[in-house]
């Protein structure tokens, strides 16, 4: 991979994780994200000829939601430069010391929450705004009124005061809300930060009141009619006004003192009642800050130190094996429960036999664990010197623990699989996958419903799903998936899924090596499932992204008698087996055209617009360049729109796009 490709790959990864963070569903830790971002910045600095204004490094991040009123910030909401090593803190202190005399620094915990600006006029709270993007935030004023620790009125009646704080949810409150969500099958949140952000953006202020959000104020932005000389002075004044400020901040004078306190914070972060994702080091004197100034993106008077993922030691009590929908056997470590990143951890995946062997993991071992993405527990390493004499080596069994069929290791891989055709574990997870959003998208048909219906004998394969309506009265009477309303909702969702395009059905089959893109390639080239079933190797190998492995996987699946019986049963139930993509495949009006989609479209989801473009022969790209034919822009379109204007690329809205399709 050359440098340009490496940079583009990193940009794509950073953009993806930015979107997941904006959706309050991050998939990696802040530390892992920062490492990606840092690598991208380093490469762009080394190779400025590949710099692009569309790069995520050229943006100030944060999002606004369409439903909430937009408000422009009075003070730019800027990010801080991230540092990860002791040496970087020392370098920061040395640079500051070269420009100002005898600087003092304030070290604070970096709260893991959602940044807000609070505005006060003549002592009364009048507005509250989220960080947003491009200096425009969203008003969450009504919701902030429900946070008890935010003073609604302060004693000093300045004409205008603006302070910056971090709204968060305590670990204890998070656990209570999560339990309540489980009890009512509500939306699942993975971290307190996600839940706090989702709560603050609720349109119903009652939800905010029930979830007991809190805030720490950490900066005074504007104070008309009152001057201050230092940051620490402002924090003391804010405390006297009734604000809950960052706890346990410390004024330091040397790099050694700063590093010791940063380390102390890192040591105690697991015992805090709230989440932190770093420590902030700021120059205390406000006049010194003005001397130091800032770069185009970050101030020169502050940095944020990011801690690596928290790690803990625990003991592997046992190792069990789970069987997935493809027959893959995954070893799962059962751990002595330990609190990690605010939640109790008692299990961690061990992936495969190679993983176990490479880390020398045995039952009874003391191991170091951490949470990948602050969510998924993983074993980092074993500690052989703490191994007890009765420790037991573990080997993935040669017999499936569910159905007693033989297991076989992949010829060119690390995974071991059950080869039994009637393995109940495979069937259960396969049916769950079939109903998932990635496949047939049957709302309300999750793992618990699948397992209940299978255990009662109502479904044995995916086709049986479409015959459940014949048992409606029995299902209601037995309450297997709920009472009348729940049963009818599920049956309606199943019925609706019959009209899905063929690529969703192909995806739902769970054919090894065949995902959504591969399924779409198939349904773009063949008119229906019978044509796909009868396709030859020579036909398949010519399809986009098809190699020998994928082609043989498709041929193998459709050569089975059980597959043909399944397809016939699906057809009889009225499930669509015609390719809607293929119906318009002769319409290649977008052949040779490249689209970029940005912002929120009024009616079309992004994947729907992508599907329409691809159905008509076009391509969809993630970045704007001179080769871009059209930028399809919706609300809150960002720098892609700016880049298109600079390059003279034609910009269209959803209405124009629809006209192009007519």
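In this note's numbering, the protein residues as written are 1 to 662.
Built from N, CA and C at the ideal position, the CB exists for glycine as well.
Assigned secondary structure, residue i (DSSP; H/G/I helix, E/B strand, else coil)
| i | result |
| --- | --- |
| residue 173 | helix |
| residue 666 | Since the displayed the chain opens at 1 and closes at 662, residue 666 lies outside it and no answer follows. |
| residue 535 | coil |
| residue 230 | strand |
| residue 407 | strand |
| residue 279 | strand |
| residue 48 | helix |
| residue 309 | coil |
| residue 651 | strand |
| residue 728 | Here the chain comprises residues numbered 1 to 662, so residue 728 is not present and cannot be evaluated. |
| residue 401 | coil |
| residue 527 | coil |
| residue 60 | Interpretation of residue 60 is limited by its pLDDT of 42, a score under 50 that renders its predicted location unreliable; the figure taken from the coordinates is listed afterwards. If DSSP states are grouped into helix, strand and coil, residue 60 belongs with coil. |
| residue 595 | strand |
| residue 436 | coil |
| residue 573 | coil |
| residue 145 | coil |
| residue 503 | helix |
| residue 7 | helix |
Local Cβ density within 10 Å of residue i, reported as buried at 16 or more and exposed below that
| i | result |
| --- | --- |
| residue 564 | exposed |
| residue 559 | exposed |
| residue 639 | buried |
| residue 615 | buried |
| residue 126 | exposed |
| residue 248 | exposed |
| residue 542 | exposed |
| residue 224 | exposed |
| residue 383 | exposed |
| residue 62 | Any reading at residue 62 must be qualified, since the residue scores a pLDDT of 41, below 50, and its modelled position is unreliable; no value is offered. |
| residue 520 | buried |
| residue 484 | exposed |
| residue 4 | exposed |
| residue 314 | buried |
| residue 78 | exposed |
| residue 130 | buried |
Residues that residue i bridges to, as DSSP identifies them
| i | result |
| --- | --- |
| residue 138 | 70 |
| residue 121 | 124, 160 |
| residue 379 | 369 |
| residue 319 | 333 |
| residue 214 | 168 |
| residue 541 | DSSP output for residue 541 lists no bridge partner at all. |
| residue 551 | According to DSSP, residue 551 bridges with nothing at all. |
| residue 347 | 334 |
| residue 299 | 294 |
| residue 109 | 279 |
| residue 363 | 392 |
| residue 417 | 328, 408 |
| residue 509 | Answer is none; residue 509 lacks a bridge partner. |
Close beta carbons around residue i, own chain, < 6 Å, minus the five adjacent residues each side
| i | result |
| --- | --- |
| residue 644 | 624, 631, 651 |
| residue 511 | 553, 557 |
| residue 414 | 352, 354 |
| residue 92 | 303 |
| residue 345 | 338, 377 |
| residue 119 | 126, 127, 162 |
| residue 657 | 632 |
| residue 151 | 242 |
| residue 350 | 331, 333, 356 |
| residue 401 | 321 |
Cutoff 8 Å; reference residue i; Cβ partners in own chain excluding five residues on either side
| i | result |
| --- | --- |
| residue 95 | 300 |
| residue 168 | 111, 112, 113, 114, 192, 193, 196, 213, 214, 215, 216, 274, 275 |
| residue 100 | 283, 285, 288, 291, 292 |
| residue 471 | 458 |
| residue 456 | 478, 480 |
Beta-carbon separation (whole angstroms), residue i vs residue j, contact threshold 8 Å
| i | j | result |
| --- | --- | --- |
| residue 480 | residue 452 | 5 Å |
| residue 506 | residue 465 | Between residue 465 and residue 506 the Cβ distance is about 16 Å, and since that is not below 8 Å, they are no contact. |
| residue 209 | residue 146 | 4 Å |
| residue 397 | residue 450 | About 25 Å; that fails the 8 Å criterion. |
| residue 429 | residue 278 | At roughly 38 Å, the Cβ-Cβ gap does not stay under 8 Å, so residue 429 and residue 278 are not in contact. |
| residue 312 | residue 369 | 6 Å |
| residue 392 | residue 363 | 4 Å |
Same chain, Cβ closer than 7 Å to residue i, neighbours up to 5 away in sequence not counted
| i | result |
| --- | --- |
| residue 497 | 440, 441, 442 |
| residue 655 | none |
| residue 72 | 135, 136 |
| residue 606 | 597 |
| residue 550 | 513, 514, 518 |
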